[in-house]
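This report refers to the structure that appears directly beneath it.
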Amino acid sequence: MSDAVWDADGEKALIQRIRDGEPELFYELVRPHERSVYLAALAILRNESDAEEIAQEAVFKAFTHLDGFRAESRFGTWLIQITINEARMRRRKDHSDIMMPLETRPGPAGEETDYTPVDFADWREIPSETLERRELREALARALASLPDIYREVFILRDVRNLATAETSELLGISEGAVKTRLLRARLQMREALAPGLGGNWSSPAPFGKGKKPWS
1282 MSDAVWDADG EKALIQRIRD GEPELFYELV RPHERSVYLA ALAILRNESD
1332 AEEIAQEAVF KAFTHLDGFR AESRFGTWLI QITINEARMR RRKDHSDIMM
1382 PLETRPGPAG EETDYTPVDF ADWREIPSET LERRELREAL ARALASLPDI
1432 YREVFILRDV RNLATAETSE LLGISEGAVK TRLLRARLQM REALAPGLGG
1482 NWSSPAPFGK GKKPWS
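Here our numbering is used: the first residue of the sequence shown is 1282, the next is one more, and so on.
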């Protein structure tokens, strides 16, 4: 679960009020998810202006189709699903997948091609105080942009949005095993991309997961 505190009853009550004629409350419903929606779009499109546009389109689509939301999942998950669908349609329209390197495309039966990582310490064990540096934030952004699409999408949903494996699997339409495999490879490629700028010194006992995340 990505939200520190998720009030399911409060969310349902807010949605019902919007449906009953208080549309001005929609922003209150969307506000906690704005950054996650943008990051989901950016993960797919790799272009800030396109991501902003798709995020706006996804929010508008969620508003116009709110009556169709059946609350089988959290509103935030549903909103991200809309965002992913809209971003993928935009990407197909722009034919950007044609330029995807062969080594990043899924192999037979949806399996990814082999990837052999450089042997570093766990990338998540970056000292939390180091993450405060502006240069590392910029390095993280570059490393994230360099990930192949199939890995970047999973990384954003699992390590940035903090969605569960099952939620990520449902959103992306892949198996939970594929989510785990792609996340591992995304983390390996992220640490490989970042290691030169950090001197490879990632052996601090302070776990990354407990520090302040650079994209927060």
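Even glycine gets a Cβ: it sits at the ideal position worked out from N, Cα and C. Source: prediction; values computed, not measured.
For the alpha helix (DSSP H) containing residue i, list its first residue and its last residue.
i     : result
L1310 : 1307 to 1311
F1350 : First-last for F1350: undefined, no H or E at that position.
M1445 : Looking at the sequence itself, residue 1445 is Ala, so the reference to Met does not match. Note, A1445: premise wrong, no alpha helix (DSSP H); not H, not E.
R1298 : 1289 to 1300
R1327 : Looking at the DSSP string, R1327 is not in any alpha helix (DSSP H), and its letter there is neither H nor E.
Helix, strand or coil: which one does DSSP assign to residue i?
i     : result
P1429 : coil
D1440 : helix
S1456 : coil
N1366 : helix
R1355 : coil
E1303 : coil
Taking 7 Å as the cut-off, decide whether the C-beta atoms of residue i and residue j are in contact.
i     : j     : result
A1343 : V1318 : no
L1306 : R1298 : yes
I1431 : A1324 : no
V1435 : A1467 : yes
L1464 : R1439 : yes
A1426 : R1316 : no
Pick out whichever of the options has its Cα sitting closest to the Cα of residue i.
i     : options                    : result
A1321 : A1336, L1310, F1307        : A1336
V1441 : A1476, D1375, M1471, D1288 : M1471
G1357 : H1314, D1290, A1368, E1416 : H1314
R1300 : L1347, R1312, G1291, A1332 : L1347
L1295 : L1452, R1355, I1363, R1327 : R1355
Y1308 : F1341, D1288, D1290, F1350 : F1341
G1454 : P1429, I1363, R1372        : I1363
A1422 : E1329, K1293, A1289        : E1329
R1369 : E1303, L1428, D1331        : D1331
R1351 : E1292, I1365, K1374        : E1292
Quick check: is the beta carbon of residue i nearer than 7 Å to any beta carbon in chain C?
i     : result
D1290 : Protein chains in the displayed structure number just one, and chain C is not present.
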